[in-house]
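The structure appears right after this line, and notes come after that.
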Amino acid sequence: MREQIRFAVLGPVSAWRGTAEVDLGPPQQRAVLGALLIAEGAQVRVGELVDALWGTAPPASAVGSVRTYVHRLRRALDDALLIRSVGDAYVVRALPQDLDLAAFRELVARSERSRQAGNLRDAVVHLRAGLALWRGPALSGVRSAWARAQRERLERLRLSALETRLALELDLGGHAQAAPELAALVGAHPLDERFREMLMLALYRSGRQSTALEAYTEARELLAEELGVDPGPGLQRLYERILRADPELLPRPAAPTPAEPAQGRADRVEDLPAAQEAAVAVAVPGAAESGVDDSQPVREASAHSCPPAIDRTSPTPPVPAQLPAALAGFVGRDDQLAQATALLPEDGDAPSVTVLVGGTAGVGKTAFAVHWARRIAARFPDGQLYVNLRGFDPVTDPVSPGQALRTLLAALGADQRELPQDEDALAARLRTVLTGRRVLILLDNARDAGQVRPLLPGAPGCLTIVTSRNRLGGLVAVDGAHPVHLDVLSAREGHELLVRRLGAARVAAEPKAVRMIVELCAGLPLALAVTAARAAGRPAFPLAALAAELAEGHGSLDAFTDTDQVADVRTVLSWSYQALSPAAARLFRLLALHPGPDVSPAAAASLAGLGLPATRNLLTELVHTRLVDEPAPGRYASHDLLRAHAGELAAEMDSPEELTAARRRMLDHYLHGAHAAAELTDLTRDRISLREPSDGVRCAQFSAAEQATAWFETERAVLVAVLRQASAHHFDVHAWQLAWCVEHYLGRQGLWHELGVTLRTALVSAERLGDPTALAHIHRGLAQAESYAKHIKEAHRHIERAIALFGEVGDLPALTECHRQFSVVLEVQGDLEGALEHHRLALELVGPDDSRLRSWILNGLGWYHTLLGRHREALMYCASALRLARAADDDYTLGHVLNSTGTAHHHLGAHEDAVAAFEESLLRFRQVGGVPWAEAHTLASLAETRSALGQPERARALLREAVRILDGIRHPDAGPLRAKVSALAVSRPAVKDRARAG
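In C-alpha cells form, the structure reads like this:
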C-alpha cells in the first residue's frame, strides 16, 4: 500500500513519503505546488498560478509552463490523481492532516478550546507544538510578489499564535523564562506594541522595574521618530501602573487544571502524535503536571527536515479556518470595530448574531470584515467559514443559497453525497449541524436579503458577518441584523494607509503631496490602494508627481485604472450602477451636476424634473445600492469619485441640451427657495423680482421665519457652491440674484469672509450682464462685506458706485437704503458725524408711504445720536420710530427700536426704563423668530444694565445665554462675549453696534 504523502509550506515547500523527501524539481515548480497547497483544498485557476509565479509581466508561454509544472509534479509525487484538474483550475487532494499549515491551525484551535476550558497549561503545549511546525519563513525559496504577500500573511498568523502563547505563559507565572524571548521579539519587531507590553510586564514581575520603564521610554522615542505618534493606550496604562507599583500586576497563583472527563478529550496533550510531543520546544511552568518533560532540549529542524507527523486518528473533526488573508494595509475603523465587537454573543447560550457591514463600492467592506473576523476568531473555536456570494460579480452569476449551503456544510464535514437537494432541507441541515457549536460565518458580497437568509444559523453563540454594497434593509427589519456602516477614510486614516503601503519615511518626506493624494482619492480605500500601488511600483518618482497627475485628471477616474477589474475603480463602481433601474440610473447621472456637499429630495426632484414621491423612491434605490448615502435625514450625498463616475456617465449618455435644462431647474430651485427665505428673514432691504421657475422645479415654501432660517442653515454650503456653479456656467442672472438672497443671512451670521467671496463671484456675472441694477445691488452688498472686514477704502468705493448706479436707474428706495449702508461704513471708520449725515439724507429721500423704511431711518438717527452722547435727542428719534412700528405692529422693527431706546435710557441712568425696553425688545424678537443674533445682542445689552443695577449674577446669566445662542449659530461674537462673562465687563460688541443701524 502506497504511503500517504505529507506536505509542508511553513518553511521551504516540501513533500515527504514516509521519511523520504520527494524531489519537487526547480523553484518555479515548487512555487506551483506552494500556491496549490496554500489554497488548502480550494480550486486555483491557471491564471492565478501565472500571477503567483510571474506577477504582472508573465511570459507568453506562462500558461503552457504552468501546465508542464503540474504534469511534472504529478510524476514526482507518483500520484496522477493527487493534483486534480477542475475546468481551468487545479486542486490538491491532500487531507487537512497531511499539510503542516492545516495542522498548525488545528493545534491553535485546540489551544483555544483548552484555554476556554480553563486549562492554560495544555493551551500552551498545543501552541508550542504548532509553532514547532515552522521550519523557517513560509514558502522559503519562492520569489514573487505573491509569495511575499503570502509570507507576510502567514507570519502574522505565527506571530499571533506566539503572542497568545507568551501571554498564557505570563498568566502561568513564566515571566522569567518569557523575558529573554520577548526581548528578542521586541528587537525584531520594534514597532509592535503587543510584544513590548508583554516584555514590560515580564520584566516588572521579574523584579526589574527600571528596565521595564526603560523599555517604555525606548518605545515612546521610537514611535515618535518613526511614525510621529505616541504609544497606544495599553502601553501607556501599563507604564502608569508600573510607576505606581500596582499590586494587580504581580502574578497570581495558578488555578488548578480542570479534571479530565472520564472518556478523555481530543484536546489532551497525550492525544498529540509522538512526533508533535517531541516538537514541544521549551519548558512550560508546571509542565510536568501536564505530561510534558521540560528537561528535553528544543528539537532543531533543518531547512528540509521531515516535519512532525500529523495525527490521523484523532476523533476531533477538522475545524474549518477559511478566513481570507487580512489586508496588510488595513487602517482605522476604530469606532466601527468597537461597535461590531460590542454586538458579539457573550457566551454559548446567547442568541446568534448577524452583523451587516455596508458601504459604497471600494470602501473596504471585505477588508474590514476579514480584519474584524480574524481579531475575534478565537471566540469561535468550532470554526470560521467564508463564502463569496458574488452578488456583483461582472462575470459569474450570484451564488445561489443552495450552492452556498452545500459549501458551508461540506466545510463542516458533511458528505456531499448525503446532502438533500431541497434548499429548505439544506438550510435545516446547516442549523442542525451548527447546534452546540460556536462558529463564525463570513458571507461576502451579498446581493440581497433572500440570498443570505437561508444561510443564517439558528444556533446560539454563532456569528454571521455579511458584507454588501446594497443596504439589505429586510435583513435588518426581519432578521434582526445589526448594520455597521463604513464611510470613506478620514484624512488621518488615509495618511496612515499610505504610511503602511509606502513606508513612513517616504510619506513624511512629502506631507503636502500626501495630503493632496488623500484628498483627490476622496478617502476611498480602493482608490488609495490603487494609487499606493502605482507609487510603490515607481519608488524613484516623487509623490508630488503622482499628486499632480491625479490633480490633472480630477473629475475623471482615469488615474485609478488597473488591468485587474477588481482593482479598477471605474469597473468596481460600474457594477453597482448596472444594477439600477433606468430612472434611478438617470437620477444618479444628473446628481453629478449638483455641486454638493449634499442634496435634498426637492433639489433632486428639480434636477430630474420629477415629482417628490417618485424622486424619493429613486433616492431610496440609490441608497439601497450605496451609490448615494443618507448622512442625515433627508440629505443625500456621494463621495467625489462616485460623483466623477456619474459625471462621466452623464457626458456619455445624456445630451448637452438635457444637461443644461437639468442645471437650470436646479438653479431655479435654489434661487426661488433662497428668495422665499429672504422675504421672511430680511425685512429691511428693498426687494428684487425673479422670473418664473422652469417646469418641473420644486420650490421650497416657508410659513415662519424660523423655518426660513433653518433652511438657510441647512443649505448654506450648497447655496454658496450653487452660486459659484451658476457663474461658472454663465447663468449670470441666477448668480447675482442668489447673491442678493443670501447676503443678509451670511452677514448676520458673522460669515463676512464667505459673504465677500460670494459677492465677488456674483460681481463677475453682473459685469458680464452689464445690468446696472444687478451691479448696484452687488456693489452695495460688497460695501457691507468690506466694512465688516475693516477694508474701509474698498467699502467706500463700492457704496459710492452703488449710489451712482441706483441714481442712474431711478430706484429711490434702493438709493435710500444705500445711504443707510453708507452710514454703517462710516460708523466702522469712526466717522459718526458722517454716518449721522447720511441717515439725514436717507430721511429726505424716503417716500411718504414707506413707513417701515422711515422707522428704520429714524431708529438709525436715534442710534447715532446715542453714539455721539446725545441721548435725549436719541430718545426723540426713537420715540418717532416706535410710533410708526407700533402702528404697523411690526415686531422685527420694534425689537431693534426698543433696543436703541434701552441703550439711550441706560446711558441717561434710567436703568429701570432701560430694562423694560430691553425686555420688550427680547419679547418682540422671540415672537418674530429666526433672529438669534439680534436676541443675543439684546441679552448682552440687558446684562450691561443689570450689572449697573448691582445685579452681577443676573447679568452673568444673561451673558451666558447670549453666548449659548451665538455658539449655536457659530457667530464670531461668541468669543468676545464669553470673555466678558467672568469679568462681567459688558461693553457692547462691535456687531451689536452695527445692528442698531439695521
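Just so you know, we're using our numbering here: the sequence shown kicks off at 320 and counts up by one. Glycine included, every Cβ here is placed at the ideal spot set by N, Cα and C.
Span separating the alpha-carbon of residue i from that of residue j
i     : j     : result
A1229 : D917  : 52 Å
E516  : A697  : 21 Å
L329  : E868  : 42 Å
G683  : P844  : 6 Å
G1188 : S1219 : 13 Å
A747  : I402  : 34 Å
L501  : L420  : 24 Å
K1109 : Q1140 : 14 Å
P861  : A828  : 9 Å
G1149 : G930  : 54 Å
A1133 : R1004 : 8 Å
Q435  : D441  : 11 Å
A1267 : W1182 : 20 Å
R1079 : V1061 : 13 Å
L817  : R524  : 39 Å
T1077 : Q658  : 41 Å
W465  : A486  : 32 Å
V427  : E971  : 55 Å
F649  : L1296 : 46 Å
Identified DSSP bridge partners for residue i
i     : result
G1228 : Note: G1228 sits in no beta bridge, so no partner.
V383  : Checking the displayed sequence, the identity of residue 383 turns out to be Gly instead of Val. Paired residues: none, contrary to the question.
V672  : L782
N707  : D763
A334  : F326
I402  : V411
E737  : According to DSSP, E737 bridges with nothing at all.
G677  : S787 and H804
Endpoints, the beta strand (DSSP E) within which residue i is located
i    : result
Q641 : Counting along the chain, Q641 falls outside any beta strand (DSSP E), and DSSP gives it neither H nor E.
Residue i in three-state terms, based on DSSP
i     : result
N936  : helix
S609  : Summary for S609: the model assigns pLDDT 32, below 50, so the residue's position carries little reliability; its value from the coordinates is reported in the next sentence. Helix at S609.
V771  : helix
E949  : strand
R1006 : coil
A956  : strand
A628  : Reliability fails at A628, whose pLDDT of 43 lies under 50, so the model's placement of it is uncertain and the value that follows must be treated cautiously. In this structure, A628 counts as coil in the three-state DSSP scheme.
F1050 : coil
A1161 : helix
P346  : helix
S919  : coil
A1345 : Nothing about residue 1345 can be read from this structure; the chain reaches only from 320 to 1317.
H804  : strand
S787  : strand
L418  : strand
E829  : coil
A898  : coil
G813  : helix
A688  : helix
H340  : Note that residue 340 corresponds to Glu in the displayed sequence, not to His. Three-state DSSP puts E340 in a strand.
L546  : coil
N1178 : helix
A1309 : Note on A1309: pLDDT 38, under 50, position unreliable in the model; the coordinate value appears next. Here A1309 sits in helix by DSSP.
P634  : Here P634 scores only 39 on pLDDT, less than 50, and its place in the model is too uncertain to base an answer on.
V603  : Note that V603 scores a pLDDT of 31, beneath 50, so its modelled location is shaky; the value from the coordinates is reported in the next line. Coil.
T375  : coil
E1011 : coil
8 Å Cβ cutoff, residue i in contact with chain D
i    : result
P570 : You won't find chain D in this structure, because it holds only one protein chain.
Segment limits, alpha helix (DSSP H) that includes residue i
i     : result
H1290 : It is not in any alpha helix (DSSP H) - H1290 carries neither H nor E in the DSSP assignment.
F1125 : I1111 to V1128
R1139 : L1131 to Q1148
Q362  : Looking at the DSSP string, Q362 is not in any alpha helix (DSSP H), and its letter there is neither H nor E.
C1197 : H1190 to A1207
A859  : Unbroken run through A859: none, as it is neither H nor E.
Any non-hydrogen atom of the ligand PLP within 7 Å of residue i CB
i     : result
R1043 : In the structure on display, the ligand PLP does not appear, and there are no ligands present to speak of.
Complete runs of the alpha helix (DSSP H) confined to the stretch 445-519 [at least 4 residues]:
464-490 and 494-507
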